[in-house]
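To start, the structure itself, in structure tokens.
This is the structure in structure tokens:
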């Protein structure tokens, strides 16, 4: 190590010791830092707290922070991606899903082999990401793929939590990441796994140094790069799995710590491992100190604090990499498979009408005969006031989500983008949750108002930070990842603090059309009357934008202004949708791509089919949610996720294959 690295190392160790002294002195029974260290040597009760409550928490925090930091460093080496970590690559989400799944259906296995369960979930998520990304090492693509895989696993986890509330009621705090320890059991379980794995990482660290030289150079030096990468992935996933097993999924430590270590001057993996152990432990202990300062009377998830602190760091990395983003994104492609439009659109209209009639006919417990439906609508108040507006609103909101997704994909030149990827849905959900949990007695009308306000504020933050880069695709995507992480952290805190209202909150977060009425339908009509003509009038300009800035500027298009307009239109539509039906993802992702593969990329030809697909998709999800477990309802957002997940996985792989060619 050079002098700079040596000095930073000494400073890091001293900081770690100070943080450790502060951390173990915290607690409800503590009179403060100086009082604790003065009294603990003479007070048996304080000493008992120190040895059997605070020290286990401190030690597990050190082990978890070290494991997450080293895992993040290895994942960044394996993927050549400075944004890689167990959380951004979906490993945490996969491990969490497996824990919830096995807790519900196979509690015996979950209790007997917890590390095997979390390891299997982490491996599955990692395999999904690596398979979908393929040989592409583009940092944004890896981060986006990891985010979408995380969304998939999180959707399945939310479905299980909603359907099996009693079985998973004890997992809320753990699911957000917590260092709470009642004894030394967690340390005794995790310490051997983590320490032995770290020793193995040190022994094989030279293999990872050679990987940094490039695959061809490594092969030339006699390196078996396949074995080296398998070792790196295995060590990283095992460290992450053990951490999830004991303290739950904790994000961003694996991103921040490796970057700080590199800034300190470390370059070789052996010294970087030691540096990450100290820095990672310090970061997690510092986050836990902040959590306990904020809430001294109740336990809050430390994972939420690491996300809130780590998100600005991710934004900093995005801005630092903005110079590489000017050429990001390609023209969206599609195939014209439908040539007989005069025949196709009447068939599509008939299919849509049949779906609408079928949905109107089902009332939660039985079907109404289609011939009796007109009479039911005319004379049955329940059908006219509840069922009819629900069907119309479902179809209309699906249309708005589809347009929003189409605009986002055009502006980002990426078929995998929509408002949920940009964090807009997450921001809207946070404000809606505040009204649901903090003000449960307030009229429900404040929930959609809060969601709309949250979406607009989130949009303002995204635009303000990304304006200097000309609203470039990479900056917007990474901003979305950061904001989504912060939003999820705040939601976890709210759920933990107000567990009484968790069921209502989870239902809204999953996305549900329950309770919508004619007032929501009027909102849809007004929004479409205002926004739809703007989209149609600028369709040609939007198509030019899809070919990139160089082509657009050459044709006289003011790219920054048009990109800003497209973003604003897409976000406003998404905000309205979230305010009406809650947080529903995937509709805006899937609808434009499905339409693009049928009629090609031209916007005027693409727009009507995108509207129809979006409406059909959400209406079908709403119908299935009412029908499958009637009279119990499954939120439409969960059904959309279950429908869209297989197709989205196929889409991710296909777009990567096309790009690599």
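Residue numbers (the working numbering): 792 to 1452. Quick reminder that beta carbons are idealized off the backbone N, C-alpha and C, glycines included.
If you draw a straight line from the C-alpha of residue i to the C-alpha of residue j, how long is it?
i            : j            : result
residue 924  : residue 1419 : 35 Å
residue 1232 : residue 1240 : 15 Å
residue 1179 : residue 1306 : 12 Å
residue 898  : residue 905  : 10 Å
residue 919  : residue 1019 : 20 Å
residue 882  : residue 855  : 15 Å
residue 971  : residue 832  : 24 Å
residue 878  : residue 1041 : 8 Å
residue 1043 : residue 804  : 21 Å
residue 1001 : residue 1049 : 18 Å
residue 815  : residue 842  : 9 Å
residue 1405 : residue 1388 : 14 Å
residue 802  : residue 849  : 20 Å
residue 934  : residue 798  : 33 Å
residue 1274 : residue 1312 : 30 Å
residue 1326 : residue 1234 : 35 Å
residue 1026 : residue 1051 : 21 Å
residue 1135 : residue 1142 : 11 Å
residue 996  : residue 1060 : 6 Å
residue 1021 : residue 1196 : 37 Å
residue 1356 : residue 1386 : 23 Å
How is residue i classed by DSSP in three states: helix, strand or coil?
i            : result
residue 1043 : coil
residue 1153 : strand
residue 1056 : coil
residue 1013 : coil
residue 793  : coil
residue 878  : coil
residue 975  : coil
residue 1334 : helix
residue 873  : coil
residue 1092 : coil
residue 902  : helix
residue 1230 : coil
residue 998  : helix
residue 1441 : helix
residue 1067 : helix
residue 1209 : coil
residue 1204 : coil
residue 816  : coil
residue 1004 : coil
residue 1189 : helix
What do you get for residue i, buried or exposed, if any count of 16 or more other CB atoms within 10 angstroms of its CB means buried?
i            : result
residue 909  : buried
residue 1270 : buried
residue 1283 : buried
residue 1077 : buried
residue 1107 : exposed
residue 1137 : exposed
residue 1119 : Only weak support is given to the placement of residue 1119: the predicted model assigns it a pLDDT of 44, under 50, and the value that follows is read from those uncertain coordinates. So residue 1119 counts as buried.
residue 1413 : buried
residue 1101 : buried
residue 1320 : exposed
residue 812  : exposed
residue 902  : exposed
Going by beta carbon distance, what residues of the same chain come within less than 7 Å of residue i, once the five residues before and after it are set aside?
i            : result
residue 889  : 908, 909, 911 and 912
residue 915  : 885
residue 1222 : 1241, 1242, 1244 and 1245
residue 1188 : 1315, 1368, 1371, 1372 and 1409
residue 958  : 894 and 895
residue 1362 : 1210, 1215, 1246 and 1250
residue 1028 : 882, 910, 913, 914 and 917
Quick one: what's got a C-beta closer than 6 Å to residue i's C-beta in the same chain, skipping five residues either side?
i            : result
residue 1237 : 1226
residue 1211 : 1376
residue 1181 : 1304 and 1307
residue 857  : 1068, 1071 and 1072
residue 1031 : 862, 877, 882 and 913
residue 943  : 1436
residue 875  : 866 and 867
residue 985  : 854, 858 and 1033
residue 1066 : 1052 and 1057
residue 810  : 1073, 1076 and 1077
Is any beta-carbon of chain B found at less than 8 Å from that of residue i?
i            : result
residue 1285 : In summary, chain B is missing from the structure at hand, where a single protein chain is found.
By Cβ distance below 8 Å, which residues in the same chain neighbour residue i in space, the five residues on each side in sequence not counted?
i            : result
residue 1344 : 1350
So within the stretch 1340-1407, which uninterrupted alpha helix (DSSP H) runs reach at least 4 residues, ignoring any that extend past its ends? 1340-1345, 1350-1372 and 1378-1390
Which runs of the alpha helix (DSSP H) at least 4 residues long sit entirely within the stretch 820-859? Give them in chain order. 824-830 and 835-840
Whole beta strand (DSSP E) elements within the stretch 1402-1438, 3-residue minimum: none
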